[in-house]
Every structure is written in C-alpha cells, then in structure tokens.
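Going by the numbering used here, the first residue of the sequence shown is number 1, and it counts up by one from there. For every residue, glycine included, the Cβ atom is placed at its ideal position computed from N, Cα and C.
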Amino acid sequence: MKNSPPEAIAAELENAKRGSRELLKEGRVFSYAILRQIMDDADPCSRLIEELRHRHLFVSGVPLSLPNANVVARPSSPSRTTQPSDTKTSGSDETEKSAAVSSDEMYQREAYVKSKNLTRQHMETMGLYKKHSLDYPLLRDFGNYLEKELYNENFKQEVENVSRYLYYVDSLAPSLEFVRNREKLREYLRRLSEAKLKKQTQLNYLKSLKRFLLYHTVNTNLRQDDQDLHAECKHFIEYIGSVQKSCSKLVSKEITQKRHNMLIEKNQITTTDCWALLKAAKKDFELVIGKLLKDRTLILDKSELTLVVYYLEAILILKHLQRPGVVEHMTVQEWIARTSSGTNTVIGVKEHKTGAQEVASFVLSEEEERWFHIFYTLVRQQLKNSKKRKRGQDENDIDGEENFFLSTSGKGIYNASNDLNRLHSRYGIKPVTSQMARRVFETATKDLTDSEKSLVADYLSHSTATAEKHYRIKQVDHLLRASQLLAKLAGDSSSQSAEEGSSHASHSAVCSAGAHQQSNERLIMSHPVTVDGQVPDLSVRKRVSTRCHRKLFERCVKTCMKLRLKHVHSYFSRRCPSKPPLKRRKRSSSSRHRSSSPLPFLPSWQQQPPALPGSRSSPQQQPQSSSSRRAAAIAAIGSCGRNR
1 MKNSPPEAIA AELENAKRGS RELLKEGRVF SYAILRQIMD DADPCSRLIE
51 ELRHRHLFVS GVPLSLPNAN VVARPSSPSR TTQPSDTKTS GSDETEKSAA
101 VSSDEMYQRE AYVKSKNLTR QHMETMGLYK KHSLDYPLLR DFGNYLEKEL
151 YNENFKQEVE NVSRYLYYVD SLAPSLEFVR NREKLREYLR RLSEAKLKKQ
201 TQLNYLKSLK RFLLYHTVNT NLRQDDQDLH AECKHFIEYI GSVQKSCSKL
251 VSKEITQKRH NMLIEKNQIT TTDCWALLKA AKKDFELVIG KLLKDRTLIL
301 DKSELTLVVY YLEAILILKH LQRPGVVEHM TVQEWIARTS SGTNTVIGVK
351 EHKTGAQEVA SFVLSEEEER WFHIFYTLVR QQLKNSKKRK RGQDENDIDG
401 EENFFLSTSG KGIYNASNDL NRLHSRYGIK PVTSQMARRV FETATKDLTD
451 SEKSLVADYL SHSTATAEKH YRIKQVDHLL RASQLLAKLA GDSSSQSAEE
501 GSSHASHSAV CSAGAHQQSN ERLIMSHPVT VDGQVPDLSV RKRVSTRCHR
551 KLFERCVKTC MKLRLKHVHS YFSRRCPSKP PLKRRKRSSS SRHRSSSPLP
601 FLPSWQQQPP ALPGSRSSPQ QQPQSSSSRR AAAIAAIGSC GRNR
C-alpha cells in the first residue's frame, strides 16, 4: 500500500474510516431478531462467523469444517419467565432504540477491565457482576417506570442491581419465581459480603429489589394473572423489610468504623487543603482568561477548554461547597436569572440531591461572576459548536433548558466528581471530594454559635441536624478541650459534699462563679433574705438568671438557715431542748412545711453566755412564754424548705 498511488491510498483510508464508524455504531449491538435467525439457521456457527465478519470483526482459528449444531430454545411459562419481545412485533428500529436506552452493549462483558479496587476484583472473580439483558420486558418496563414516572436519573443503575440478582437466581431468563426461594437471597448477601462489598451497597441492592417487586405487585396486572405469585411477592417484600433492618445496624457500624478511621488518621484534611487546588490552578486559569480578553475571537484548544470548565466546577464544589448535582444541573436560565447584592451575585439551582426540600443557592464574588460571564459568552459558545454536539443536540438538556456547564463534546457534563478528580491529578494534588470538603468545613463550625452554624448549614442546603449527624466529626483538639473541662469541673466540685456534687454538677457546669455572684446580688436587692421570710420561687429566680437559678436557691436556703439557727439559739440559750417535744410541736404547728426535720440546729447547739447587766436586749429576747417562743422557733426552721 505504501507504493500505491495517492488515489488508492485515499480510497483505502476512506474505507477504513467507514468501517470504523460502522464498527462503533453497529459492531457492539446485536438485535434479538438477528440472534434468533442465527440460532434457527441450519449451520448456526457459519452464520455467526459471517455476521461477525460483516460487522468488521475478526474470528481467529476457524477450522476448515465447521460442526453443525442446531440449538432448540427451551420453552418457558409466561407466568414465571418473561422472554424478550417478539421479533414480529418489535422490528429492528424498536430493538435498536431499546438497546440504546438500556445500554445492553455493556451486557455481560467476558473480558472485564482489571480494576484497582479490590472489591471490584472480587466481584468480577465471583461472577457477581453478571446480569441479564435489560431488554427483557420484566426489566425494561421497570426501567421505564423509574425514568418516566418517578423521574429517576440513575434508573439504569437500579435496574442493573435487580438484573444481577435475577441472573444469580436463574442465569437463563429473568422471572418473578425467585420470591419462592428466600434462602437464595440470604446466600446472595453472604456472597456479597465475601466479596468485601459494603453493607450500604448491599442495602441499596435490597432497596432496588423491593422497589422492583412493589412495581410488579401494584402497577401491573400480576394480581389478576397469577394470584398465588402475587401473594408470594407481597410476602417476599415483607421478608426484604426484615433483612433491611438487620442490614441497617451493620451499616451504622460501618459508619462508626469510618469515623474512627478519620479520627486516628495522621494527616487529616484541613480547610487549607480543600482550597489547594484552586490556588495551584489559578495562574493557568487566569492565563487562559487573559488570552480570551485580548482576543475574543481566539479558538482555545481542548486542554484550555477543559481547564476553564474544570476550574469553575472546582470553585462551586470546593469553595462554595455545593454538591456535584448542583454543578451538573445548573441551567442557562438559572444563570440569566441571577440576582445582584452589592458586589456579589446570588444564583439558585432547583435541581439537585435535596431539590424536593429546598433550592441550592450560592454567592459569587465580583471576580468569580466575571469569570462565569466570560465562560458563558466566549468559552461555552466554542463548546456548543462541537461536532459531537451537532449529532446529539439537546440530548442532555434538563426539561428543555440548556445546561450551563458543557463538556468538550458540547453536551452537559456527565460527572462533576470525575472532572474534579482529573483536575487534581493534573496538578499532582491529593484529591478532595465534595463530601470531604463539606465535612471539613462543617466540622470547623463547631466553635461557632448556633446561629452561625445554622447559616452555614443553610448555605450547604441541609439542616443543622443533618450536619450534626453526617458531616461534623470529632476532632482531637475538641476532645482535649472536653477532657480539660471535665478535669476543671471535678476540681471545682471538690469543696462540695458528695451529694451536692452528684446532684448539681450539671448546673455548676453552665453557671460560672462571676455570673452567680452578680445574679445573687440582684436577687438580694429585690428579695432580701430575712429570718421569717421565704425563699423566692422558681419564676422569680429564673427572671434573675436562667442558668444560675438552682445555685441561687441553694444560697438563699443556706443564708436563711444560718439566720434562723442564730434566731433559735437565742430562745434556747440556756439548755438544749429534747427531740420528742420538738417533733410533737413540729407535727402540730408546721406540718405544711416541706422540711424533712426541724432539728438541724441540735448538733451545733452551744450554750449562749448570759447577757450583761444593764445591756439592751434584742426584740427577740423580750420576755415571752416558753411555749410561744419554742413554737415560733420551730416554725421558722420548718419554713426554710419551702418554695424549692
């Protein structure tokens, strides 16, 4: 061919291009009608080799004489198995369309690409990735239900999860007969565990299988066609629910183990690490933007286009902490509808992970808004004019609205997380995912006030409870501070009795000494402590201080008790009274009081020295009858426990 004339070389090159296009378009997709024709042929092996060569594929080691092996298809019951659509009614166009939708060109690859992930290698080795074709009506109808009625964007993944289990139960054809064998599901889960598959992924498999059965029991005519099978499906759904409960507990253990690994990790990611990529790529990004500003008609090469797109995605994911779904679903209309607030710009995106609860929103600075504007007016137009875009225009538009971010193919970006990972690899920086960045920044808010935490959680489009449960993780410095606080509390309570320390530790933890002293002074000014007075009730103490009200009560009781003991000693100054008379007097005169005992002054009683001749006596020391003086003293002691 090297010595052939240029016309022959050009013709051969054109033939090679045409063959490559046909191979890419038809070489990996086989309609069921063609396969049936090959199997029904008198010499199916020769017919198959002919079909493969027609599709520009090569078959090596073909013997001179081929064996004649007619294969008769095994019949199956329509109530138990569902075969692919009839060739007479489907047609080639419908088959090709279905193949494009279900992506069965990836169906049961014999040569799996070796993955670095050990779990994937185990799954491939054990054959757990094998699945039925998604063209079977049993699976195809379920996929259409997820896509067109539930608007599930990742419906293919869910259908494939079901298809893998159906293949594990019966490799010949998918059916609903698996509901009659519960042990098979337990065996399948054990096999997944042996392959080191996470419990969360197993739980996702169970959710997909449960939704698959709910669809066929509720949205189809299975109940009229086969009542026994319908009843078995209902019972199997309940069985899946019980398996999910046990699996959920193991998922919680996995999450705890993951957080433990984060806690003991030596080189933990910081907020500075999250923005390292933005700093490293900013210089190259600004060079490309500068070239466009100098010459707006300049055509950028592919690497420059990807750099601009990836960097703007990184700004939203790493700096503004938005989920990848926000980047993937942001539309041109949402960019045009942006609002200005001073020098900043606010943009809202309605389609994202939690789009059913709230609108994702972020605030661009003046510089960032200028970059996004340059991308929209200059860079995006170049991406939109891509040749690949012309062949599948508006294929990835969202409800008729154009995606704001486009890939080099001119279509909406498929996976923003992969784009971010590629940009990290380009600059040799340790990858930081969206979830990692959100977790680091949410953890950094632990030292902020509750209102500030709420503001950050709102910016990240989730609630404060969600942030506390899934994002804010333990940090070593926080644990050290907690340990120091516990030691401090133990030291502060050493002067108190064991009973006081055990019952009032929580109150002393929230009320400092300075705050307590100030609150006590305010309370004494409004409610002075007297011998015959009462302790201020709870509402009064809470108006003075909501944190120290318990300590205020204790201090008032102690002060009141000291005054009353001194008062009682003035009446029993010559001899200590006996207990029985005091108890009888307490029951008769002050039974309404809550004090457990009216005798707290007996152990501390001391004989008072006699008054000097000619000295003035206090009002309490004026002559009274012994019974009236004792009754007044007992009543004063008994009333000190009220208003607790």
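Exercise for the section: Take every Cβ of the region 295–309, pair it with every Cβ of the region 320–334, and state whether three or more of those distances are shorter than 8 angstroms. Expected result: no
Exercise for the section: Reducing DSSP to helix, strand and coil, say where Val332 ends up. Expected result: The answer is helix: DSSP assigns Val332 an H, G or I state.
Exercise for the section: List the endpoints of the continuous beta strand (DSSP E) containing Ser340. Expected result: Taken as a continuous stretch (DSSP letters only), the beta strand (DSSP E) holding Ser340 covers 339–341.
Problem - Rounded separation between Leu118 and Ile315 - CA only - result: 32 angstroms
Handout entry: the region 407–418 touching the region 437–444, judged by at least three CB pairs closer than 8 angstroms
Key = no
Problem - Of the listed residues Pro44, Tyr376, Thr125, nearest to Lys196 (C-alpha basis) - result: Thr125
Problem - the region 235–253 in contact with the region 179–194 per 3-pair CB rule at 8 angstroms - result: yes
Exercise for the section: Please classify Ile429: does DSSP put it in a helix, a strand, or coil? Expected result: coil
Exercise for the section: Tell me where the beta strand (DSSP E) around Ala360 begins and ends. Expected result: 360–364
Exercise for the section: Kindly indicate which three-state DSSP category Ser526 falls into: helix, strand or coil? Expected result: DSSP places Ser526 in helix when its eight states are reduced to three.
Exercise for the section: Would you mind reading off the limits of the beta strand (DSSP E) that contains Gly348? Expected result: Segment 344–349, the beta strand (DSSP E) holding Gly348.
Exercise for the section: Check the DSSP bridge columns for Leu150 and list the partner residues they point to. Expected result: Bridge partners of Leu150 according to DSSP: none are assigned.
Practice task
Return yes when the Cβ of Arg296 is within less than 8 angstroms of the Cβ of Leu406, no when it is not.
Solution key: Not closer than 8 angstroms, so no.
Handout entry: Residue span of the alpha helix (DSSP H) that contains Ala276, given as start and end
Key = 276–294
Handout entry: Reference Val162; option with closest CA among Glu149, Phe142, Asp43
Key = Phe142
Practice task
Can you tell me which of the three DSSP states Asn674 falls into?
Solution key: The structure shown has nothing for residue 674, since the chain only spans 1 to 644.
Handout entry: Cβ contact (3+ pairs, closer than 8 angstroms) linking the region 205–224 and the region 157–176
Key = yes
Problem - Straight-line Cα distance separating Val59 from Arg53 - result: Approximately 8 angstroms, taken between the alpha carbons.
Handout entry: Sheet register partners of Gly412 (DSSP bridge)
Key = Per DSSP, Leu406.
Exercise for the section: Note down the Cα distance separating Leu189 from Ile336, rounded to an integer number of angstroms. Expected result: 49 angstroms
Handout entry: heavy atom of the ligand GDP below 7 angstroms from Val379 C-beta
Key = The model depicted lacks the ligand GDP and carries no ligand whatsoever.
Exercise for the section: Tell me whether Pro536 sits in a helix, a strand or coil according to DSSP, three-state version. Expected result: coil
Handout entry: For Thr297, the three-state DSSP class (helix, strand or coil)
Key = coil
Problem - For Ala437 and Leu318, believed in contact at Cβ under 8 angstroms, the rounded distance - result: 5 angstroms
Exercise for the section: Counting only the same chain and skipping the five closest in sequence on each side, list residues whose C-beta sits under 7 angstroms from that of Lys384. Expected result: These residues qualify, in order along the chain: Leu406, Gly410.
Exercise for the section: Flag this pair as yes or no: are the beta carbons of Leu150 and Pro174 separated by less than 8 angstroms? Expected result: no
Handout entry: Which listed residue (Met123, Lys148, Glu153) has its alpha carbon closest to that of Tyr165
Key = Met123
Practice task
Figure out for me which residue from Glu402, Val363, Leu312 has the closest Cα to the Cα of Val332.
Solution key: Of the candidates Glu402, Val363, Leu312, the residue whose Cα lies closest to the Cα of Val332 is Glu402.
Problem - Buried versus exposed call for Pro137 [16 or more other C-beta atoms within 10 Å across all chains shown] - result: exposed
Handout entry: Outcome for Lys199 when other beta-carbon atoms lying within 10 angstroms are tallied against a minimum of 16
Key = buried
Exercise for the section: Would you decide whether Asp450 is buried or exposed? Buried here means 16 or more other CB atoms lie within 10 Å of its CB. Expected result: exposed
Handout entry: Neighbour-count burial assignment, Leu423, 16 or more Cβ in a 10 Å radius
Key = So Leu423 counts as buried.
Exercise for the section: Given a cut-off of 8 angstroms, decide if Val544 and Leu523 are closer than it, judged by their beta-carbon atoms. Expected result: Contact annotation: Leu523 and Val544 have beta-carbon atoms nearer than 8 angstroms.
Handout entry: DSSP-derived helix/strand/coil call for Val59
Key = coil
Practice task
Determine the burial state of Asp135: buried for a count of at least 16 other Cβ atoms within 10 Å of its Cβ, exposed for fewer.
Solution key: By the Cβ-count criterion, Asp135 is buried, with 16 or more other Cβ atoms from all chains shown falling within 10 Å of its own Cβ.
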